[in-house]
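Participant: Got a structure for you, written out below as structure tokens; questions coming shortly.
Below is the structure:
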């Protein structure tokens, strides 16, 4: 059971969240090539080790979070809001 | 009569409370405090089961949850539970247990003939034998194997009991309430940490209940009672008995099963049978003790062969003599205590057989003083007897096997050493390491916040257990933020040192072939380990899977280390080189019911009801589940009304007059802000910037991969205020999708939104007379000129504030009215009663579906995640001059080229025959044999009252250009073929004149 430290709600069980995919890929610009868009959707790294992922606190405050997690040990190093417009309540930096 | 194997005194049983029970139909008596196993032994019942593969007679080997052999069916009827361990079942009055895996009876089991064919049943037997032909795999082999190699049979009746799931937080969790665990719990509790102590037994004390130890000058059990009393007095301590910690998961979350009612015939009224606990401890102290391993010798599975510690436990804890004449076989010091305790209980110890040449001098002296015969450098080569041991043959460990001494006995208490219970440590992600001094694995480097103490840490001295417990408890409190106080360590009064010399397998008498079992529950023999290794399955993980070693319900608690050692011998390597398999949860078998908890039956999932639900129920509506929603499917009017009768009547009433339908379950999202229009413009394929206030637009949104995600209407209520509807099915995922893009990709957009699905009741009013009806109740001008198609406006419906939308799903002149949910039923009733002459009726989702197919509206069955806007005929709405989600990928060549499945209408060409959902669309010249010949499929079907024939929507390869073709809809499962005509998906009013009337 992962325990994710939501910046707003505190430490909560993984079943309050839904996984939102790789947070290291960047959405291409509107003018990017079709190739870029293809890779954005279909090409993913699958690292064994530290990784950045999106998690949605779907059964909580509904914030999208960026979680740094080790995919091997499941250790979570940091949790931060995905949106720069949502102030981090603890004043922590991303 | 009975209980002829009781000791005269001793034990933690209440001899004043006699309990009756039956085993295989025969009545017996035991005492309060017995387990089923101890009560059977007290009555001289030695044979309790048949083995898994060879159907060999098996008895009771242990006194705990590690039991591999004494597996029984407990209770009868709906509470029947197969594969329960007799050693952990607390005896209650009226208990009924039966042996399993035998036919026709336990003492005469036909399948024991497998024992004679055992050379055929060696490692990998199933893989080698049941290979050909493949058609036999499921039809023949599986049935035969399952019957022959069965365990018990589960009840097929519904479980009458219920289960609970609970959560609890604490600073320090102590697992196991033996000397180490009790010391740890007390030390942590005194430092004021919140402590939870769990133990799988009904009574705290762990090994102290099984042994004759004394602590601080008192009997061990007295010390236990004192500590227990102290713990009970503290507010910061919770003690759970009958609770087994079975899983150690990530982030220091652990799970335990509390057997609330299993020690009673039936649970108390309102009490669960079992409770699953999820604990969130700051730190875990693992004090789970150790498990003794058996010796591997010929016929070591015979009833009467028992672990030395178990024999001691039966005498000391249960006041039962597990035999009358005992041979003690050992390779270590510990079993000497069995000899001494059993001797004092009046059991004749015919010999202690120690594989070591020079055992501990003090122990030798003690046996001498009790006149117990000691054989050194020797071991049991084989146990002999019919269905239970009557003598053993002694061989020397030097390999002198040709002149074995025969010693009569009815009990062989053996010890091959002790394995620390490293299961939880291993489950936590850590790797146990080999400790040569105890010839077993001990906890390695911790990966989570846990520490093992006492025997679980490989420290078998009582004094060490007490000291490590205090130290770990104190430290755990400090690590979780509490000031620790010094606590004195209790004094162990009597104990010796533990010493062991390896003996992994005994020589056999006359070097003959004997069955020497390693894993007794799965019938894995030493020779199977050898064979697996010879055949190349010589890593621990391969060995395990090839021989099934350690894969039975006991998870190899008594057998794994022996198997690893034998594999190491075979490979000629030291044991640590061979490694150890990873332990996985659950530590003990856990009933499925406890994982389901309360989420069964009615509580399986939440039910969402609309404001019209009660009215619908009173009308006798038949409901259908739409996600969590219950929607009225159709409304029978008189007895015998079929669904077809109803939806045809409801459809006709709508098309000819006016009818209303509850559409509350559609997702509704309120969107506000200066950038609301821009936000919609990026979400949807169509244009939103220029939508005038007071207008509705039908929109479609794509996923990033270019496929259609959802559709629905969105209205502009004010310049910066929109109201979106989604399909019922996607309401939640559309909101999450919007949040994702707003928070992650477009934080610059000044927009807010939230779900208002439950705040509004939605009622569609459809039919040529819908305007006439609404004019009676609405306070705004809804003439076609003032309120044309795709208008939206706020209004009053009688006295209810409402929003009115002129949209149509049915293809008729229609409106949708939204009122605050609290007014939902009132609005519904007022619409029905507004105009007596009109005879307003209602319709359900079945008629709704019929009309949407007639009108060619795509819905969930066409929006299947593989269709593009072009496939669905929605491409005309797209504005490809702007940017929107999925735009780029929807332009990939394969998505826009030929050969796509496109939505079409289909008409049955055979009267009285309707199409079937899922039917393949096939060229009439082709006989459908492979899927590649299918050109598409039928997605939604109905009988059309309007057209008087069966119609459908389907996805057909290049369908948009094939209108007018005659093809076949083939349903191979029922061998049905229907001639159909491909047509435009809009069957009625293709110009949309009705909706604009």
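Residue numbers (this note's numbering), protein chains in the order written: chain V, 144 to 237; chain P, 996 to 1992.
We put the beta carbon where it would ideally sit given N, CA and C, even for glycine.
For the segment 1676-1686 of chain P against the segment 1874-1886 of chain P, do three or more pairs of beta-carbon atoms, one drawn from each stretch, fall closer than 8 Å, so that the two count as touching?
Facilitator: yes
Participant: CA-CA distance, residue 1103(P) and residue 1061(P)?
Facilitator: 27 Å
Participant: In angstroms with no decimal places, state the Cα-to-Cα distance between residue 1759(P) and residue 1649(P).
Facilitator: 11 Å
Participant: For residue 1988(P), which residues in the same chain have their Cβ closer than 6 Å to its Cβ, ignoring the five residues on either side in sequence?
Facilitator: none
Participant: Would a check of beta-carbon distances place residue 181(V) closer than 8 Å to chain P?
Facilitator: yes
Participant: Thinking just about the alpha-carbon of each residue, which of 1924(P), 1084(P), 1742(P), 1844(P) is nearest to the one in residue 274(V)?
Facilitator: With chain V represented from 144 up to 237, any question about residue 274(V) goes unanswered, as that position is not in the structure.
Participant: Within 10 angstroms of its Cβ, does residue 1883(P) collect 16 or more other Cβ (buried), or is it exposed?
Facilitator: buried
Participant: Measuring alpha carbon to alpha carbon, tell me which of 1710(P), 1825(P), 1935(P), 1766(P) ends up nearest residue 1795(P).
Facilitator: 1825(P)
Participant: Relative to the C-alpha of residue 1313(P), which candidate in 1891(P), 1035(P), 1669(P) has its C-alpha closest?
Facilitator: 1035(P)
Participant: Do residue 1299(P) and residue 1193(P) have their C-beta atoms closer together than 8 Å?
Facilitator: no
Participant: Does the segment 1953-1962 of chain P come into contact with the segment 1890-1898 of chain P, if we say contact requires no fewer than three beta-carbon pairs (one atom in each stretch) closer than 8 Å?
Facilitator: yes
Participant: I want to see whether chain P comes within less than 8 Å of residue 237(V), judged by CB atoms only; does it?
Facilitator: Per-residue confidence for residue 237(V) stands at a pLDDT of 40, beneath the threshold of 50, marking its modelled position as unreliable; the derived number appears in the next sentence. Residue 237(V) does not count as touching chain P.
Participant: Tell me whether residue 1791(P) sits in a helix, a strand or coil according to DSSP, three-state version.
Facilitator: strand
Participant: List the residues of chain P whose Cβ lies closer than 7 Å to the Cβ of residue 205(V), in chain order.
Facilitator: 1734
Participant: In three-state DSSP terms, what is residue 1555(P)?
Facilitator: helix
Participant: Could you spell out the range, first to last residue, of the alpha helix (DSSP H) harbouring residue 178(V)?
Facilitator: 177-185
Participant: Thinking C-alpha only, which one of 1722(P), 1659(P), 1477(P) is nearest residue 1818(P)?
Facilitator: Ranked by Cα distance from residue 1818(P), the options 1722(P), 1659(P), 1477(P) are led by 1659(P).
Participant: Using a C-beta cutoff of 8 Å, does residue 202(V) count as contacting chain P?
Facilitator: Chain P has no Cβ within less than 8 Å of the Cβ of residue 202(V).
Participant: Under 8 Å, Cβ to Cβ, is there at least one residue of chain P near residue 194(V)?
Facilitator: no
Participant: Look up residue 1074(P) in the DSSP assignment and say whether it is helix, strand or coil.
Facilitator: DSSP places residue 1074(P) in the helix class (H, G or I) of the three-state scheme.
Participant: Have a look at 1831(P), 1625(P), 1557(P), 1517(P) and flag the residue whose alpha-carbon is nearest the alpha-carbon of residue 1540(P).
Facilitator: Per the Cα distances, 1517(P).
Participant: If you follow the beta strand (DSSP E) that residue 1811(P) is part of, which residue opens it and which one closes it?
Facilitator: 1809-1815
Participant: Taking residue 1211(P) as the reference, give the member of 1712(P), 1977(P), 1457(P), 1560(P) with the closest Cα.
Facilitator: 1457(P)
Participant: I'd like the span of the beta strand (DSSP E) that includes residue 1336(P), first residue to last.
Facilitator: From DSSP, residue 1336(P) is part of no beta strand (DSSP E) but of the alpha helix (DSSP H) over 1330-1339.
Participant: Beta-carbon within less than 6 Å of residue 166(V)'s beta-carbon, same chain only, minus the 5 sequence neighbours each way: which residues are those?
Facilitator: 195, 196, 197, 209
Participant: Which residues in chain P have a C-beta closer than 7 Å to the C-beta of residue 210(V)? List them in chain order.
Facilitator: Result: empty, since nearest Cβ-Cβ is about 12 Å, beyond 7 Å.
Participant: What residues in its chain sit with their C-beta under 7 Å from that of residue 1974(P), if we drop five residues either side in the sequence?
Facilitator: 1904, 1905, 1961, 1963
Participant: Is there a Cβ of chain V sitting closer than 8 Å to that of residue 1579(P), yes or no?
Facilitator: Not an interface residue.
Participant: Kindly list, in the order they appear in chain P, the residues whose Cβ is closer than 7 Å to that of residue 162(V).
Facilitator: Ordered by position in chain P, no residue passes the 7 Å Cβ test against residue 162(V), which lies about 12 Å from the chain.
Participant: On the three-state DSSP scale, how would you describe residue 165(V)?
Facilitator: strand
Participant: Start and end of the alpha helix (DSSP H) containing residue 1275(P)?
Facilitator: Not the alpha helix (DSSP H): residue 1275(P) falls in the beta strand (DSSP E), residues 1269-1281.
Participant: So does the segment 1226-1243 of chain P actually touch the segment 1549-1559 of chain P, counting three or more Cβ pairs closer than 8 Å?
Facilitator: no
Participant: For the beta strand (DSSP E) containing residue 197(V), name the first residue and the last one.
Facilitator: 193-199
Participant: Check whether the Cβ of residue 1724(P) lies closer than 8 Å to any Cβ atom in chain V.
Facilitator: The C-beta of residue 1724(P) comes no closer than 8 Å to any C-beta of chain V.
Participant: Taking the alpha-carbon positions, what's the residue 237(V) to residue 1738(P) distance?
Facilitator: Legend: pLDDT at residue 237(V) = 40, less than 50; position of this residue unreliable, value from coordinates given subsequently. Each residue's alpha carbon lies about 15 Å from the other.
Participant: Taking its Cβ as the centre, do 16 or more other Cβ atoms sit within 10 Å of residue 1928(P), making it buried, or is it exposed?
Facilitator: exposed
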